[in-house]
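Each residue of the sequence shown is one higher than the one before, starting from 1 at the first, in the UniProt record's numbering.
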Amino acid sequence: MSKQYYADIIIDISHENLDKTYQYAIPEEIVNDAAIGALVIVPFGKGNRSINGYIVGLSEVPKISRELIKPIIRVVTEAPMIESHLIYLAYWMKETFGGTMNDSLKAVIPVKKAVKIKEQRMLQLAIDQDQAKQLYYEYQKKNNKARVRLLEALMKESILDYDIVINKLNISRSTLQGLEKQGVTKTISEQIYRNPIKNHFEQSGAVSLNEEQEIIVQDFLQEYEAGIRGTYLVHGITGSGKTEVYMEIIARVLTMDRQVIMLIPEIALTYQTVQRFYKRFGDRVSILNSKMSQGERYDQSLRAKNGDIDIIIGPRSALFTPFQKLGLIIIDEEHENSYKSETVPKYHAVEVARKRAELTNASVLLGSATPLLESFQKAQTGEIKYYSLKKRAKEAEPPRVWIVDLREELKKKNKSIFSIKLKELIADRLSKNEQIMLFLNRRGYAGFVSCRSCGYVVTCPHCDVSLTSHNDGTLTCHYCGYSEVQPANCPKCGSKYIAAFGTGTQKVEELIKKEFPDARVLRMDTDTTKNKGGHEEILTSFSQHKADILVGTQMIVKGHDFPKVTLVGIIAADLSLYCGDFRASERTFQLLCQAAGRAGRDVLPGEVVIQTYHPEHYSIVTAAQGDYEAFYKQEILYRTLMQYPPIAHILLLLITSKEEEQAANAADILGNATKLYLDKNDLQAQMIGPAPAAISKANDIYRRVIYVKHKDYTTLIDIKNYIEGYYSYSQQFNGCNLQFDFDPMIS
Ligand code: ADP
Ligand code: ZN
Ligand code: ZN
């Protein structure tokens, strides 16, 4: 007797028991078809009625007594595999990142019920041309003018738009109904897909690649054509020609009859980018973005599924485009925050892309000027293949970077938030009629306390991240809950200039107008961009040089190109450096590199001024030199020392409730349960907290956190599964909500 295999199956996605898997036996004759993701028919429930299921796991071990396990009835091989794949992907996401199957399905298949598709009714002859001609003469004889008009048109055009027939040919509905009844005409309806790219662009060919680009393209394609699949990283500064590399690779992948998903940050999804792709690939391309209606988005997924398009460009959600022959997923600017989902399941697009690629025999191509530490580390170990582009494609001088020590300004009696150097350069640019960007890399909430005289920042003695100041005069660590009273004098130099650090964009705008009353100033932050399109409006008017200075948060350093910007000022690099997050240095390095990349993109050379109390900090020094590898070496040391990702991994439990006490209680109970589980299983994991979250209250909801650290991701998944089970079976958590987040961003 041959071996008996079993399949774990989730049953039909409309079923309420979505989060449970059921085990079925795999009959020998279907063993080859019963793969993970396959759609199967199984007997279910008391009446053993046949129901759809999806295989999400395979094993040789029965979970209950063999005799009780029912066999799968059949595998539906004729069904499109794409749904099965995506449903399996959703299942994998739920298992890997937490949450329910329903949460995952919502992320993967966002429009569950078909939105009404625009339909176009068309009219055709139901008879042949000879019969039509005969009828035509008959109607003429009877002087039936409407029928004559219609037959004439139909014999000429063979198919007509229903609305045109009624409105332009002036034929009544009853006439049409009559003809249809007699079998003369028939109405057919065609779905028309809304195509979001309305403009017609002229097609244009490729540029000829430079040597660096050519080497990457050749190497990638050689592997691809040999059937090798994997993950690749293109590390190259903005303007080094990554997009040209992507397009060249895409072109070849398309000729091999495979399809492509290209993720770009929403903010970079500008007219220019779309135009570039459209010019090269014509209407085989479509886009997804958050401004599109549900219907429009749904249409794009239908077009993809039917093979009407081969390339989709969009933000994180485009990852789930139902291409049947997916061959490549590109993630541009892979370090962007927006690739991490903020809602459950809190997945990272890079990880899900790699999983989807694995399922469909596709490759993943990541691109960035400042790769995620995780990706660069994988490139170092060889898990990801590394390519680099060192030169800018168009000759442009790298900007000159000045690091200004703000402690010196105080000594020079300059009390302004603008250093002497920055003021001098602003005046210079204004006199030359060039443009300036002033950039406040604020993370919004976390207020840290620092000394204006020596630069000392109060940090947690256990976690080595900055403490966050609260209204009640205390400083707390949001990782471990450590708390202390805010000191009146600097513990390092004794000066009294120690206080919470805070400047807003509005303040900067106000002060710059005071210093330079003649300058035209625009401000861009969450306040000024609340209205739909506000964002685009400000950028457009700045690019048309309707203002000299643009003040803003990180929003301003992304996307658009401004050839006349020759000066970028970073008001306080410390704002992102001390935001109480273990990724603070990485984030700062990325932001500074990005901001520097804004200055002097065209012929005019650029300058960058970085103001800081920590001019010696490695994030700032290496960003000023544009030296990613030097930054990486320092940062990975810190992560190793503190056992932060990617060296170890962190599982965050976020517990929320409308009642503060409830949240605190639940966090305590879960903390105890976790601790017991860790001890009982002798897991060498470290539990930190419970503690109030960095944002301890938002929208009247109280937030508590627990962190669990372990070197293996899979162990953390086991811990998550245990807590998830414990939480859902206990009655103690009424009124609370629990979310999981792996290697979290600040919460
Ligand atoms: P990135 O995606 O790395 O920011 P792009 O691909 O957008 O870089 O290239 C920057 C600019 O240089 C674009 O205008 C692009 O058309 C141009 N460019 C890139 N590669 C070449 C090349 N080999 N020859 C000529 N122009 C190029
Ligand atoms: Zn001091
Ligand atoms: Zn701490």
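Just so it is clear, CB atoms sit at the ideal spot from N, CA and C, and this is done for glycine as well.
Residue 463: CB within 6 Å of a non-hydrogen atom of ligand 3: Position 463 of the sequence shown, counting from 1, holds the residue named residue 463. Yes, the beta carbon of residue 463 sits closer than 6 Å to at least one heavy atom of ligand 3.
Proximity test, residue 460 beta-carbon vs ligand 2 heavy atom, cut-off 6 Å: Stepping through the sequence shown from its first residue, residue 460 is reached at position 460. Checking the Cβ of residue 460 against ligand 2 gives no.
Residues sharing a beta bridge with residue 52, DSSP: Against the sequence shown, residue 52 aligns to sequence position 52. Note: residue 52 sits in a beta bridge opposite 41.
Where residue 213 falls, given that 16 or more other Cβ within 10 Å makes a residue buried: If you number the sequence shown from 1, residue 213 lands on position 213. Residue 213 is buried by the Cβ-count criterion.
Runs of beta strand (DSSP E) lying entirely within the segment 258-335, each at least 3 residues, in chain order: 259-263, 285-287, 311-314, 326-332
Secondary structure of residue 584, DSSP reduced to three states: Counting from 1 along the sequence shown, the entry for residue 584 is found at position 584. Of the three classes helix, strand and coil, the one that applies to residue 584 here is helix, per DSSP.
Terminal residues of the alpha helix (DSSP H) in which residue 376 lies: For this step, residue 376 is matched to residue 376 along the sequence shown. Where residue 376 is concerned, the enclosing alpha helix (DSSP H) stretches over 373-381.
DSSP state of residue 74 mapped onto helix, strand, coil: The residue you call residue 74 lines up with position 74 of the sequence shown. The answer is strand: DSSP assigns residue 74 an E or B state.
Proximity to residue 408 [Cα-Cα], best of 185, 419, 467: Locating residue 408 in the sequence shown gives position 408, counting from the first residue. Among 185, 419, 467, the Cα nearest to that of residue 408 belongs to 419.
For residue 711, three-class secondary structure by DSSP: Taking the first residue of the sequence shown as position 1, residue 711 is located at position 711. Coil at residue 711, not helix or strand.
Secondary structure, alpha helix (DSSP H): runs of 4+ residues fully inside the segment 604-687: 618-625, 628-642, 660-680
Contacting residues, own chain, Cβ-Cβ under 8 Å from residue 590 (five flanking each side not counted): For this step, residue 590 is matched to residue 590 along the sequence shown. Only 335, 370 meet the Cβ criterion.
DSSP three-state assignment for residue 148, whether helix, strand or coil: Within the sequence shown, numbered from 1, the residue matching residue 148 stands at position 148. Three-state DSSP puts residue 148 in a helix.
Chain-order list of residues whose beta-carbon lies under 8 Å from that of residue 113 (same chain, five-residue window excluded): By one-based count along the sequence shown, residue 113 stands at place 113. Caution is warranted here: a pLDDT of 46 is assigned to residue 113, below 50, making its placement in the model unreliable, and the coordinate value is therefore given only provisionally. Answer for residue 113: no residue qualifies.
Endpoints, the beta strand (DSSP E) within which residue 161 is located: Position 161 of the sequence shown, counted from the first residue, corresponds to residue 161. From DSSP, the beta strand (DSSP E) with residue 161 extends over 159-161.
C-beta contact flag for residue 350 and residue 624 at 7 Å: Taking the sequence shown and counting its residues from 1, one reaches residue 350 at position 350. Taking the sequence shown and counting its residues from 1, one reaches residue 624 at position 624. Cβ atoms of residue 350 and residue 624: not closer than 7 Å.
Endpoints, alpha helix (DSSP H) assigned at residue 169: The residue you call residue 169 lines up with position 169 of the sequence shown. Counting along the chain, residue 169 falls outside any alpha helix (DSSP H), and DSSP gives it neither H nor E.
Length of the line joining the Cα atoms of residue 11 and residue 101: Position 11 of the sequence shown, counting from 1, holds the residue named residue 11. Position 101 of the sequence shown, counting from 1, holds the residue named residue 101. Going from the Cα of residue 11 to the Cα of residue 101 covers about 11 Å.
Distance between beta carbons of residue 588 and residue 604, contact taken as under 8 Å: Within the sequence shown, the letter at position 604 stands for residue 604. Within the sequence shown, the letter at position 588 stands for residue 588. About 27 Å separates the two Cβ atoms, so there is no contact after all.
Cβ-heavy atom distance, residue 368 to ligand 1, below 6 Å: By 1-based counting over the sequence shown, the position of residue 368 is 368. Every heavy atom of ligand 1 is 6 Å or more from the Cβ of residue 368, so no.
Close-in-space but distant-in-sequence residues of the same chain around residue 92 (CB under 7 Å, 5 per side omitted): Within the sequence shown, the letter at position 92 stands for residue 92. Contacts found: 355.
Nearest-angstrom Cα separation, counted from residue 42 out to residue 4: By 1-based counting over the sequence shown, the position of residue 4 is 4. By 1-based counting over the sequence shown, the position of residue 42 is 42. When rounded, the distance between both Cα atoms is 17 Å.
Inter-residue spacing [alpha-carbon to alpha-carbon] between residue 720 and residue 704: Here residue 720 is taken as the residue at index 720 of the sequence shown, counted from 1. Here residue 704 is taken as the residue at index 704 of the sequence shown, counted from 1. Their Cα atoms are separated by approximately 17 Å.
Short Cβ contact (7 Å threshold) for residue 743 with residue 617: Counting from one through the sequence shown, the residue named residue 743 turns up at place 743. Counting from one through the sequence shown, the residue named residue 617 turns up at place 617. No. Outside cutoff.
Any residue whose CB is nearer than 5 Å to a heavy atom belonging to ligand 1, listed in chain order: 207, 209, 210, 238, 239, 240, 241, 242, 243, 244, 393, 394
Element boundaries [alpha helix (DSSP H), containing residue 184]: Locating residue 184 in the sequence shown gives position 184, where the first residue counts as 1. Unbroken run through residue 184: none, as it is neither H nor E.
Inter-residue Cα distance where the pair is residue 480 and residue 707: In the sequence shown, residue 480 corresponds to position 480, counting from 1. In the sequence shown, residue 707 corresponds to position 707, counting from 1. If I take the Cα positions, the gap works out to 8 Å.
Simplified DSSP state of residue 433, which is helix, strand or coil: The count along the sequence shown starts at 1 and reaches residue 433 at position 433. The answer is coil: DSSP assigns residue 433 none of H, G, I, E or B.
Paired residues, beta bridge with residue 740 - DSSP: Indexing the sequence shown from 1 puts residue 740 at position 740. Answer is 653.
Rounded Cβ spacing between residue 234 and residue 365 (contact assumed at less than 8 Å): For the purposes of this step, residue 234 is identified with residue 234 of the sequence shown, where counting begins at 1. For the purposes of this step, residue 365 is identified with residue 365 of the sequence shown, where counting begins at 1. Confirmed, Cβ separation roughly 7 Å.
Quiz: which residues have CB nearer than 6 Å to ligand 2 non-hydrogen atoms: 451, 453, 454, 456, 490, 492, 493, 495
Distance between residue 473 and residue 489 (C-alpha atoms, nearest Å): For the purposes of this step, residue 489 is taken as residue 489 along the sequence shown, with counting starting at 1. For the purposes of this step, residue 473 is taken as residue 473 along the sequence shown, with counting starting at 1. Using only the alpha carbons, I get a separation of about 14 Å.
Residue 477 beta carbon near ligand 3 (any heavy atom closer than 6 Å): Locating residue 477 in the sequence shown gives position 477, where the first residue counts as 1. At least one heavy atom of ligand 3 is nearer than 6 Å to the Cβ of residue 477, so yes.
C-alpha gap between residue 132 and residue 120, whole angstroms: Here residue 132 refers to the residue found at position 132 when the sequence shown is read from its first residue. Here residue 120 refers to the residue found at position 120 when the sequence shown is read from its first residue. Cα to Cα, residue 132 sits roughly 24 Å from residue 120.
Given 8 Å, three or more beta-carbon pairs between the segment 237-251 and the segment 213-227: yes
Sub-7 Å separation of residue 154 and residue 179 beta-carbons: Residue numbering aside, residue 154 sits at position 154 when the sequence shown is read from its first letter. Residue numbering aside, residue 179 sits at position 179 when the sequence shown is read from its first letter. No, Cβ-Cβ distance for residue 154 and residue 179 is not below 7 Å.
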